[in-house]
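Residue numbers (my numbering): 444 to 726. Glycine is no exception: its CB is placed at the ideal position from the N, C-alpha and C atoms. Please read the structure below before turning to the comments.
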Amino acid sequence: MEKLLELLVCEGCGRSYQQSQGGVLRCSQCGKAVPMQENIPIFTDIPDDIHPSDKETRGPDIGTPWRQANWQFLTDWLESQNPDILILDIGAGRGDFAEALTGRNCIALDIYPYPEVDIVCDLTKANPFRPASVDAALMLNVLEHIYDTHAMLETLAKILKPGGRLLLAIPFMVKMHQPPLDFVRYTHFALQQIGQEYGLEIEQLEGFYDPMFFLGEGIRNIQWPILRKMRGWRQHIGRLLLAGIRFFAYLMQPVIGSGHIKSPIEAISLAPTGYQVVYRKKV
Ligand SMILES: [Zn+2]
């Protein structure tokens, strides 16, 4: 909590908060109070349409190739950094990447008070952080769930130190997930331009291409909305053909491999599963 308190300032008067009696944080100047739940300060209202996620085991070799690539992307980057840097994990949830961040100086933020988070705040609605106080912000599979990307990046540009980094993993050809909080898919052209608006320059950008995953998403689209509505002999033939496609996909998997990273510039017309980006805040 002390580490967190050093980072926070009252949005009204710019002074620091103190933990006070009655389980609240209180501004030392104007007296503004921030409620706490289980020792987690709550800066913005918890949305009532959220479906809290269950805790899942995560790791470098668990989940889809995209998830595994995200893990690699994060750990590779962390290895290249000073171990003491202050990291803000935005949309940390149940700690999907917590293990990769073990031993790091990290603050976990979310819009929902999961037991794994340090602070609850929707950064598009409030910014309790001291300006230029954070070395790196992480948004790993999070930005697509934020309605107002511009407000988010504007806040991040304030929070990050000059030369600070924002690490983004953002899906592109991935089905809608966590409804209704799934809002955007950006091309890498948009990711570049939108960052520029807030002084965030792209330092690293890679598209992650996983043709078998792409095929899987297509198969699901056939299976649910189309095949389910078919009747009689059409449905039988449809099922048979789909089983055929699945079988070919099964045969293809070892030949093609489980996804690969390629420069989006080299493969402009392909359909990436997602992008992984490192932005650098201008000095
Ligand atoms: Zn104040």
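- Exclusion of the five residues before and after Gln678 leaves Leu670 as the residues of its chain whose Cβ lies within less than 7 Å of its Cβ.
- Cys470 counts as buried, since at least 16 other C-beta atoms from the protein chains shown sit within 10 angstroms of its C-beta.
- Beta bridge pairing from DSSP links Lys705 with Gly650.
- When rounded, the separation of the alpha-carbon atoms in Lys604 and Glu445 is 20 Å.
- Proximity of the region 593 to 600 to the region 550 to 561 falls short of the contact definition, fewer than three beta-carbon pairs being nearer than 8 Å.
- CA-to-CA, the gap between Gly642 and Gln515 works out to about 26 Å.
- By the neighbour-count criterion, in which 16 or more other beta carbons inside 10 Å mark a residue as buried, Val577 falls on the buried side.
- Scanning Pro503, Leu624, Phe651, Leu684 for the CA closest to the CA of Ala612 turns up Phe651.
- For Arg573, the distance from the CB to the nearest heavy atom of ligand 1 is not below 7 Å.
- Gln461 has its CB no nearer than 7 Å to any heavy atom of ligand 1.
- Among the bridge pairs identified by DSSP, Pro484 is matched with Met479.
- Where Met619 is concerned, there is no enclosing beta strand (DSSP E), because DSSP gives it neither an H nor an E.
- Listed in chain order, the alpha helix (DSSP H) elements of length 4 or more contained wholly in the region 479 to 542 are 508 to 522.
- In this structure, Gly534 has its CB at a distance of at least 7 Å from all heavy atoms of ligand 1.
- Secondary structure of Lys568 (DSSP, three-state): coil.
- In the three-state scheme derived from DSSP, where H, G and I count as helix and E and B as strand, Val698 is classed as helix.
- Shown here for Leu685: same chain residues with a beta carbon closer than 7 Å to its own, the five before and five after excluded, namely Ile662, Ile665, Gln666, Leu670 in chain order.
- Counted as a single uninterrupted DSSP element, the alpha helix (DSSP H) harbouring Lys446 occupies residues 445 to 450.
- For Gly474, there is no enclosing beta strand (DSSP E), since its DSSP letter is neither H nor E.
- For the pair Leu450 and Phe572, the CB atoms are nearer than the 8 Å cut-off.
- Under the DSSP assignment, Lys601 falls in the alpha helix (DSSP H) whose first and last residues are 592 to 602.
- Rounded to the nearest whole angstrom, the CA to CA distance from Gln472 to Thr567 is 25 Å.
- Taking the CA atoms as reference points, Gly538 sits about 38 Å from Gly687.
- Nearest to Pro495 by alpha-carbon distance, out of Tyr718, Pro622, Met479, Asn570, is Pro622.
- Contact between Tyr693 and Gly638 fails: their C-beta atoms lie close to 40 Å from each other, not under 8 Å.
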